[in-house]
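Visitor:
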Amino acid sequence: QVQLVESGGGLVQAGGSLRLDCAVSGNTWSIYAFGWYRQVPGKQRDLVAEISSDGSTNYAESAKGRFTIYKDNAKNTVYLQMNSVKSEDTAVYYCNGHTVAPFRHDYWGRGTQVTVSS
3 QVQLVESGGG LVQAGGSLRL DCAVSGNTWS IYAFGWYRQV PGKQRDLVAE
53 ISSDGSTNYA ESAKGRFTIY KDNAKNTVYL QMNSVKSEDT AVYYCNGHTV
103 APFRHDYWGR GTQVTVSS
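Count along the sequence shown from 1, add 2, and you get the number used in our numbering.
(1) Based on the DSSP output, what are the partners of N60 in its beta bridges?
(2) Buried or exposed for V87, going by 16 or more other Cβ atoms inside 10 Å?
(3) For T30, which three-state DSSP category applies?
(4) Counting Cβ pairs closer than 8 angstroms, one from the stretch 8-25 and one from the stretch 90-97, do we hit at least three?
(5) Could you tell me the boundaries of the beta strand (DSSP E) in which E8 lies?
(6) Here's the rule I'm using: 16 or more other beta-carbon atoms within 10 Å means buried, otherwise exposed. How should E52 be labelled?
(7) Put S120 into one of helix, strand or coil per three-state DSSP.
(8) Which residue or residues does DSSP assign as beta-bridge partners of R68?
Below is the structure:
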């Protein structure tokens with residue numbers, strides 16, 4: 003089992019910055035990649051950014067150039083640095099970790115609300 007706990011959400015003005023933290027515990031050796039997803043009411047949960055075990059990253063088009071995902075293995079924490087935020091970034095942000103072998107299994111945090119005021 004893997005436990006993920008998000009923190010750092012809140013209210014931020016458009017154009018500002020915010021950092022989300024995801025504290026990871028448990029059998030983290032089994033995780034292939036960690037990621038941040040977001041969801042607004044009535045819509046599906048979408049990938050924002052992902053970082054694999056080898057350090058490679060993947061970003062949604064909307065996040066490229068503004069958001070940065072990184073991790074600190076010593077602190078067992080995954081971060082999402084959000085810069086130049088926009089009102090459309092308002093959502094609940096979820097931390098994710100997933101395995102790939104023998105099949106994909108997703109672990110999720112409970113989410114943290116990010117609200118961008120214009």
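Virtual Cβ for every residue (Gly too), placed ideally from N, Cα, C.
Guide: Taking the structure as given:
(1) Reading the sequence shown from its first residue, position 58 is the one you call residue 60. In the DSSP assignment, N60 forms a beta bridge with E52.
(2) Along the sequence shown, one-based indexing puts residue 87 at 85. Flag for V87 reads buried.
(3) As a first step, residue 30 must be located in the sequence shown, where it is residue number 28. The answer is helix: DSSP assigns T30 an H, G or I state.
(4) yes
(5) As a first step, residue 8 is located in the sequence shown; it is residue number 6 there, counting from the start. Where E8 is concerned, the enclosing beta strand (DSSP E) stretches over V4 to S9.
(6) Counting from 1 along the sequence shown, the entry for residue 52 is found at position 50. Counting Cβ neighbours within 10 Å, E52 comes out buried, since at least 16 surround it.
(7) Along the sequence shown, one-based indexing puts residue 120 at 118. The answer is coil: DSSP assigns S120 none of H, G, I, E or B.
(8) As a position in the sequence shown, residue 68 is number 66, starting the count at 1. Note: R68 sits in no beta bridge, so no partner.
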